[in-house]
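In the numbering used here, the protein residues as written are 2 to 189. Structure first, then comments.
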Amino acid sequence: MKLYVITLWSMIDPIYFMFTRLRYIDNKKGDDRNIFRVRLTRYKGKESMLSDGTIIQRNDILVKIHLHNALLIKNVRNIKSDVRKAMVIHQSVEKSLPQLAEYVKNHSNFSEIKGVIGITMLNRGSSKLGFDSVEISSLLYKSFKYSALLPIYWLSVRSLSIHHLKKHSPCYLFMSKETLLNKYIHNK
Numbered sequence: 002m003k004l005y006v007i008t009l010w011s012m013i014d015p016i017y018f019m020f021t022r023l024r025y026i027d028n029k030k031g032d033d034r035n036i037f038r039v040r041l042t043r044y045k046g047k048e049s050m051l052s053d054g055t056i057i058q059r060n061d062i063l064v065k066i067h068l069h070n071a072l073l074i075k076n077v078r079n080i081k082s083d084v085r086k087a088m089v090i091h092q093s094v095e096k097s098l099p100q101l102a103e104y105v106k107n108h109s110n111f112s113e114i115k116g117v118i119g120i121t122m123l124n125r126g127s128s129k130l131g132f133d134s135v136e137i138s139s140l141l142y143k144s145f146k147y148s149a150l151l152p153i154y155w156l157s158v159r160s161l162s163i164h165h166l167k168k169h170s171p172c173y174l175f176m177s178k179e180t181l182l183n184k185y186i187h188n189k
């Protein structure tokens with residue numbers, strides 16, 4: 002069943018990509034492609050203070066990151082252990098962050114970009130990468146994101162249980178521009 006859903010997802014993904022105004026941050030193809038697809042967005046949630054003191058406010062310009070779920074699920078589908086899957090996802094994100102930092106640094110709106118935002122149910126270990134996890138305050142929006150992210154979550158775990166679902170609810174992941182650049186721009 003999951004294999005059929007993954008195949009269907011892979012066929013629908015290019016259409017989703019086109020309608021969401023997402024962009025790739027690299028020109029690579031296949032498994033070496035950066036795991037992020039991005040677009041600029043204006044933040045619409047409540048004010049949040051990040052661990053480095055950056056305050057994210059309504060209408061701040063952020064780079065919205067979307068994991069390339071079709072690619073990611075393809076990369077972990079044959080792994081049996083959920084812990085190993087989580088490690089592969091973590092490594093894929095970590096490997097992609099330096100290129101995201103370069104993308105932000107070279108963006109024509111660099112001075113206006115306040116940071117990075119993502120929404121996920123897979124936020125364990127994200128603080129080690131420099132992200133701040135913030136609860137989504139709007140119950141309606143949180144429910145919407147929960148229903149949208151549930152199929153991705155189902156495809157990424159071996160078995161779905163109520164216990165797992167209670168532990169993983171959608172949240173914002175923020176990273177300030179300064180943290181992103183300081184942590185992931187490597188002077189060559």
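Glycine residues also receive a C-beta, built at the ideal position from the N, C-alpha and C atoms. Note that the structure is a prediction, hence the values are computed from the model and not measured.
The alpha-carbon separation between residue 107 and residue 44 amounts to approximately 21 Å. Nearest to residue 64 by alpha-carbon distance, out of 125, 97 and 101, is 101. Assigned with DSSP and collapsed to three states, residue 104 falls in helix. Rounded to the nearest whole angstrom, the C-alpha separation of residue 79 and residue 112 is 42 Å. Counting every other CB atom within 10 Å of its CB across the protein chains shown gives residue 119 a total of 16 or more, marking it as buried.
The residue among 183, 177 and 33 with its C-alpha nearest the C-alpha of residue 54 is 177. Ranked by Cα distance from residue 99, the options 26, 51, 69 and 76 are led by 26.
For the pair residue 184 and residue 139, the Cα-to-Cα distance works out to about 31 Å. A distance below 8 Å separates the beta carbons of residue 69 and residue 34.
Here residue 141 is exposed, its C-beta having fewer than 16 other C-beta atoms within 10 Å. Boundaries for residue 185: no beta strand (DSSP E) harbours it, while the alpha helix (DSSP H) harbouring it runs 178-185, taken from the DSSP string. Cβ contact annotation for residue 105 (same chain, cutoff 8 Å, sequence separation greater than five): 64, 111, 114, 117, 178, 181 and 182, in chain order. In this structure, the alpha-carbon of residue 62 lies about 29 Å from that of residue 74. By the 16-neighbour rule on beta-carbons within 10 angstroms, residue 186 is exposed. Closest in C-alpha terms to residue 42, from the list 137, 82 and 24, comes 24.
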